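Residue numbers (my numbering), protein chains in the order written: chain C, 8 to 100; chain R, 8 to 100.
A virtual CB, placed ideally from N, CA and C, is assigned to each residue, including glycine.
This one's a predicted model, so the numbers in the text were calculated from it and none came from an experiment.
In what follows, a single structure is set out as structure tokens and then discussed.
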């Protein structure tokens with residue numbers, strides 16, 4: 008019953024496994040929007056995923072809002088460090 | 008006489024050298040807008056630069072449009088491969 012758009016968290020797996028996750032997410036439900044979220048080095052992968060899904064697999068997609076931000080990460084050895092984040096919204100319409 | 012906004016190309020140098028380039032670009036001219044451009048692995052660095060300039064050095068900046076894309080790269084061994092790109096616009100206002 009959630010109205011929240013589907014979210015795919017991008018990590019260290021191969022790019023194509025996230026491409027598949029996005030396509031599955033669009034096809035398994037009636038969703039019109041999937042959001043990619045990534046931080047740190049995975050930001051590049053998130054952009055790759057958005058571009059590959061868009062250009063190769065689902066040409067009816069539109070890249071919507073792209074937001075960047077900063078998160079504070081607790082380090083095991085104490086203290087915090089900042090890591091950049093990105094959110095890329097993909098919409099079908 | 009160019010009206011084009013200043014552009015900082017992000018590559019493999021340390022993040023802080025691009026942070027400095029952005030701040031210098033804003034301060035050395037009367038520009039209201041600086042665009043960061045990056046591709047491939049440097050995309051993460053571009054997001055880091057935008058966030059660091061914004062949060063630590065120039066709090067009056069706004070992150071404007073963020074655009075992603077794909078470029079075809081000619082490979083030395085022949086053929087092409089695709090690489091993702093990002094453009095992040097920073098405006099002072």
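Asked	Found
Output the distance between the C-alpha atoms of residue 72 of chain C and residue 96 of chain R, rounded to the nearest integer angstrom.	14 Å
Specify the secondary structure class of residue 8 of chain R as computed by DSSP and reduced to three states.	The pLDDT assigned to residue 8 of chain R is 44, lower than 50, so where the model puts this residue is not dependable; a value taken from the coordinates is nonetheless given after this. Residue 8 of chain R falls in the coil class under three-state DSSP.
Taking a cut of 9 Å between CB atoms, which residues from the segment 64-81 of chain C lie near chain R?	70, 72, 73, 74, 75, 76, 77
Closest to residue 21 of chain R by C-alpha separation, out of R:49, R:66, R:90, R:31, would be which residue?	R:49
Taking 8 Å as the CB-CB cut-off, is residue 54 of chain C touching chain R?	yes
Which residues in the same chain as residue 45 of chain C place their Cβ atom closer than 6 Å to its Cβ, once the five residues preceding and following it in sequence are excluded?	17, 53, 93
Between residue 26 of chain C and the rest of its own chain, which residues show a CB-CB distance below 6 Å, the 5 nearest in sequence each way excluded?	56, 59, 60
Please state the DSSP three-state secondary structure of residue 38 of chain C.	coil
Contact criterion: CB-CB distance below 8 Å. Does residue 57 of chain R meet it with respect to chain C?	yes
Looking at the secondary structure, which residues open and close the beta strand (DSSP E) in which residue 95 of chain C lies?	87-99
Answer with buried or exposed for residue 80 of chain R, where buried requires no fewer than 16 other C-beta atoms within 10 angstroms of its C-beta.	exposed
Strictly under 8 Å for the Cβ-Cβ distance: is residue 34 of chain C near chain R by that measure?	no
From which residue to which residue does the alpha helix (DSSP H) around residue 59 of chain C run?	49-59
Within its chain, find whatever has a CB closer than 6 Å to the CB of residue 90 of chain R; leave out the 5 residues flanking it on each side and keep chain order.	46, 47, 78, 80
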